[in-house]
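S.K.: In full-length UniProt numbering, the protein residues as written are 1 to 874. Cβ coordinates follow ideal geometry from the N, Cα and C atoms, glycine included.
1) Just to confirm the assignment: which complete beta strand (DSSP E) runs, minimum length 3, are found wholly within the region 402-481?
2) Taking 7 Å as the limit between beta carbons, can you name the residues of its chain near residue 199, skipping five residues before and five after?
3) Which residues in the same chain have their Cβ closer than 6 Å to the Cβ of residue 770, if we skip the five residues on either side of it in sequence?
4) Hey, does residue 497 have any beta-carbon neighbour from chain B nearer than 8 Å?
5) Who does residue 591 pair with in a DSSP beta bridge?
6) Tell me, which residues are paired with residue 153 by DSSP?
7) Determine the closest residue to residue 829 out of 758, 777, 753 and 842, with distance taken between C-alpha atoms.
8) Would you list the one or two residues that DSSP bridges to residue 720?
9) Measuring straight from C-alpha to C-alpha, what distance separates residue 855 and residue 547?
10) Extract the residue ranges of the beta strand (DSSP E) inside the region 189-243, only unbroken runs of 3 or more that lie entirely within it.
11) In whole angstroms, what separates the C-alpha of residue 255 from that of residue 262?
12) Are the beta-carbon atoms of residue 550 and residue 612 separated by less than 8 Å?
13) Among the residues of its own chain, which have a CB less than 7 Å from the CB of residue 408, if the five just before and after it don't count?
14) Alpha carbon to alpha carbon, what distance is there between residue 323 and residue 160?
15) What did DSSP end up calling residue 602 once you bin it into helix, strand or coil?
16) Unbroken beta strand (DSSP E) runs of length 3 or more, entirely within the region 504-535: which are they?
17) Leaving out five residues before and five after residue 444 in sequence, what residues of the same chain have Cβ atoms less than 7 Å from its Cβ?
18) Using 8 Å as the threshold, is the region 719-728 in touch with the region 829-843, meaning 3 or more CB pairs across them?
19) Compare the beta carbon distance of residue 393 and residue 430 with 8 Å and say whether it is the shorter of the two.
20) Quick one: using the 10 Å Cβ neighbour count with 16 as the cut-off for buried, is residue 580 buried or exposed?
21) Rounded to whole angstroms, what is the Cα-Cα separation between residue 391 and residue 212?
22) Buried or exposed: residue 533, going by 16 or more other Cβ atoms within 10 Å of its Cβ?
23) Near residue 790, which residues of its chain fall below 7 Å by C-beta distance, leaving aside the five closest residues on each side in sequence?
24) Within its chain, find whatever has a CB closer than 7 Å to the CB of residue 370; leave out the 5 residues flanking it on each side and keep chain order.
25) Who are the near neighbours of residue 594 in its chain, counting only those whose CB is closer than 7 Å to its CB and skipping five residues on each side?
26) Please list, in chain order, all residues of the same chain as residue 642 whose beta carbon is under 6 Å from its beta carbon, the five residues on each side excluded.
27) Could you tell me the boundaries of the beta strand (DSSP E) in which residue 306 lies?
28) State the DSSP-derived secondary structure class of residue 814, mapped to helix, strand or coil.
29) Can you look up residue 543 in the DSSP assignment and give me helix, strand or coil?
30) Using 8 Å for Cβ pairs, my map puts residue 334 next to residue 314. What's the rounded Cβ distance?
31) What do you get for residue 574, buried or exposed, if any count of 16 or more other CB atoms within 10 angstroms of its CB means buried?
32) Report yes if the C-beta distance between residue 436 and residue 826 is below 8 Å; otherwise report no.
33) Counting C-beta neighbours from all protein chains within 10 Å, is the total for residue 260 16 or more, i.e. buried, or is it exposed?
34) Can you tell me where the alpha helix (DSSP H) with residue 736 in it begins and where it stops?
35) Leaving out the 5 sequence neighbours to the left and right, which residues in its chain are closer than 7 Å to residue 780 when beta-carbon positions are compared?
36) When the Cα atoms are used, what is the spatial distance from residue 292 to residue 618?
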């Protein structure tokens, strides 16, 4: 079958010179004359969704009609399509045509164009056969032992062979290499093995194809951009299902049967690919760069026709995937649920080790010799790894973007200069410092004994990182680094005006809290959630906010992270101008462990002012003062009364700073540094402590039903965490989702819970779970990985109840548009004495919410006249 351009050339030139191609009738008339047995019929999908059987002749006629239609429409197809026909020993005809994405839908039932080739030796010579080329694995990469120890693995043994293999695809590393890495990582729960496998894969890319390293890192971390650059794939499950049906020739019933059996979309793709009988075009092997660029194109496709563009890209990715494993991980990537355990910390560790051992061919930075590292003791080797990890982690904490980190690593490797090249930068958020949790004031005073510290109100708002440059450009980021400048245009307008004399640029951190603009009264977090999230018109704002600043990390081009908090706070308060009810500093109290009464009064003041509790922060660097965070569980007499009601904290048993508890011996040397007052991005340290109001201080507990779970991250990857819980609706018989919970569980509980709600990944037999949403559960949030068969009741504690746009519990009882949810839910115990018919109801939940609101109104009404919350320092 000649292309339209070829036909025009033949018709306009020497017409007698062109041989007339023989049609299908010629071949099938010859076939009918032969007594050869018929080949097995091929199944295809009829328009009504039922499978029908086509003989070779019927299938070939169908394909011929589709190809003729393409020629008539002069629509090209991508790739090279070859169709060969033979009649015994005589080669009757051979044609070739170019293809493109825009072929008719009827021609897109599978991926690869079939090759009509010579029959097998044991069959009659005139029988046409179909040959599949879409399921071949990447044999070159499948034999590479990526899970070896990095000190035994030699990338040079494989790089030259891989480069020859990749040369046919423009020299770019194949996606098969990354798939091989994913398969090995998914097959182990050992964190050491996971890191080793990633290190070896990264080393091959560093030495064999450095340009593919960056997209490989993005794909392995299950993302395509940093958090502050919003790039969402925007793909629904229907796009993937449609692609699987088209590519693998499945009907709805067959696809549903596979999904019901396996549940995971990637596993469904793996099984569906194995069932693929033939393809419509020869697949072009996927490359790491190509897959990443396809994802970016999906995320950036907008406007009319974007859904069709996205669908074509998804179809092509699945068409070109070689074998079941590539299909599995392509689909998991499209679902944004890769499940290989390569979270941020693991990837940074792998990068630091890979660049100690390998470098690109055009780089000359020093490496650590494997022969030398192999001679080191285990503790000495750990120290070498740790120094490199600390540098890479610190760089990523200050500038969390692989697009900035990877090119510099390729140029200079892991060295101190990396901290300068990837340092703090305006309008790129740094990862925030975090505080350790304690719910007991006496424990906090014991930990910080001998130190000066600041107690600050922990406001019930949204943590914000505010950047402002010398031109007055403002960027505002959330705690999770999401850009929310458009959400607060009033703050954007205000921030340049608060700069004092001599201040040109800065990065400040604070809490955005909903307030009453006239009185300055604080409102709860729920009021803040009623504010639109983006594209807010400053003239339409109904929820006013105030920025309560508490830290300064950058000033006039100079990072302040290494300065103690006392200095940073002094700069913040002396160089910026307060604007009442718009911008001010957090209310604070400087104290020592001896000021127990003052600290208790301050804590009570915070909780009465609608705050969550207090933050306690070390003011000065005192490395010589011993850390007593693991003192025996026996509070001093003068601080015993500081324990908040109904709260009994348990001090940690193991030493955190190399100091053993009473009756214990320090078995291992800790690398924990002394508590310092510096700002440590992306670290949770005891130099900042959160003291929150007790969970049980407000209401009774709730008896909830666990109804679903997600695969955990990091250490919890093999368990269900978080877990979705629900209340009963007595009238409808439905279970209404009320919250997710990740607190209060022990490792033993996680293990038992995973065995009880078993998805069959390890045992091969699912138990007490289902993989599709039950009709009796009401929930409108992100889909969980597995649904539980409701049969248990768990007692749950919580801080308070809020209105929620996501959870449906008690919707219609307190609001026609929103349900109720729990803040800070915490598991207490299983209620073995209760069945699910005795779980808490939506009516009971609504009653608790009304009680909470009535109490808030009563406290406000009984407040002495003229006393304003926080008036002293606000």
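M.R.: Concretely, from the data shown:
1) Within the region 402-481, the complete beta strand (DSSP E) runs of at least 3 residues are 434-438, 453-458, 462-468 and 474-478.
2) Excluding residues within five positions, the ones whose Cβ falls inside 7 Å are 150, 350, 353 and 354.
3) Non-local beta-carbon contacts of residue 770 in its own chain, meaning distances under 6 Å to residues more than five positions away in sequence, involve 787 in chain order.
4) The displayed structure is made up of one protein chain only, and chain B is not part of it.
5) In the DSSP output, where bridge partners are listed per residue, residue 591 has 453.
6) Checking the DSSP bridge columns, you'll see residue 153 has no partner listed.
7) Among 758, 777, 753 and 842, the Cα nearest to that of residue 829 is on 753.
8) Its beta-bridge partners are 711.
9) When rounded, the distance between both Cα atoms is 27 Å.
10) If only complete runs of 3 or more residues are kept, the region 189-243 shows no beta strand (DSSP E) anywhere.
11) Going by the C-alpha atoms only, they are around 11 Å apart.
12) Between residue 550 and residue 612, the C-beta spacing is not below 8 Å.
13) Closer than 7 Å at the Cβ level, and outside the excluded window around residue 408, lie 418, 421 and 422.
14) Separation of residue 160 and residue 323 (C-alpha to C-alpha, rounded to the nearest whole angstrom) is 24 Å.
15) Of the three classes helix, strand and coil, the one that applies to residue 602 here is helix, per DSSP.
16) Positions of the beta strand (DSSP E) runs, each at least 3 residues long and wholly inside the region 504-535, are given as 506-514 in order along the chain.
17) If we look at residue 444 and ignore the five residues flanking it on each side, its Cβ neighbours are 438, 616, 689 and 691.
18) In this structure the region 719-728 touches the region 829-843; the number of beta carbon pairs closer than 8 Å is three or more.
19) Cβ distance not < 8 Å, so residue 393 and residue 430 don't count as in contact.
20) Per the 10 Å Cβ criterion, exposed.
21) Taking the straight line joining both Cα atoms gives about 23 Å.
22) Residue environment: residue 533 is assigned as exposed (fewer than 16 neighbouring CB atoms within 10 Å of its CB, all protein chains considered).
23) Here the set comprises 705, 707, 735 and 836.
24) These residues qualify, in order along the chain: 151 and 357.
25) Listed in chain order, the non-local C-beta contacts of residue 594 below 7 Å within the same chain number zero, local neighbours out to five positions each way being set aside.
26) Any reading at residue 642 is ruled out, since the residue's pLDDT is 44, under 50, leaving its predicted position unreliable.
27) First-last for residue 306: 306-320, but that is the alpha helix (DSSP H), not the beta strand (DSSP E).
28) Looking at residue 814 - three-state DSSP - the assignment turns out to be coil, as it is neither helix nor strand.
29) The answer is coil: DSSP assigns residue 543 none of H, G, I, E or B.
30) Indeed they touch by this definition, with Cβ atoms about 6 Å apart.
31) Around the C-beta of residue 574, fewer than 16 other C-beta atoms lie within 10 Å, and the residue is accordingly described as exposed.
32) In this structure, residue 826 does not lie closer than 8 Å to residue 436 by Cβ.
33) Flag for residue 260 reads exposed.
34) Taken as a continuous stretch (DSSP letters only), residue 736 belongs to no alpha helix (DSSP H), being part of the beta strand (DSSP E) at 735-741.
35) So the qualifying residues of the chain are 806 and 808.
36) Straight-line Cα distance between these residues: approximately 44 Å.
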